[in-house]
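>
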Amino acid sequence: MRSSSAASRLSHAPGSLMGAPSSAHMSRLNAKKQEYDAVRALGLSSRAMVEQLEKLASQSDIMVDGGEAVGNVSSNWANTFSIISMLAQQKSDPATHAEDDAGDGPESSNDTLPSLVRVEIASLPQVDKSKEALSRS
């Protein structure tokens, strides 16, 4: 009778006596390894995506600041143009010129003011030569 009970035990675990795992267990183990590798790769790519989104968020903050600056400048253009138009009206209004000329004295109303232009002196070659001459003496 004992031989029959040993035979039934062998039928329940055929691979356990030899120490070699069954092919079903190996295929399940390989599937789990692949699943683990996929989950790990997904975690790595998720971290990389989070870093990229954080960089994008910081760049969008910079863009917001720049947009506010452009908005402030654009909102001031209306004031600038109104000031320019007021000055142009005063310049073209002869009554204003008569009041201005009464206090100025002998200057005529046809005199125009010279245009002021800023020129970088350091970029002129003649000035560089004169600076060298001054430094030598």
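All residue numbers for the sequence shown refer to our numbering, where the first residue is 1072 and numbers rise by one. Beta carbons: idealized from backbone N, C-alpha and C, even for Gly. Computed from a prediction, not measured in an experiment: that's the story for all the values here.
Between which two residues does the alpha helix (DSSP H) carrying Val1141 extend?
Segment Ser1094 to Ser1163, the alpha helix (DSSP H) holding Val1141.
> Could you tell me the distance, in whole angstroms, from the CA atom of Arg1118 to the CA atom of Gln1105?
Answer to the nearest angstrom: the Cα atoms are 20 Å apart.
> Specify the secondary structure class of Ser1186 as computed by DSSP and reduced to three states.
Ser1186: coil per DSSP, three-state reduction.
> When you compare only the Cα positions, how much space is there between Ser1094 and Tyr1107?
Each residue's alpha carbon lies about 20 Å from the other.
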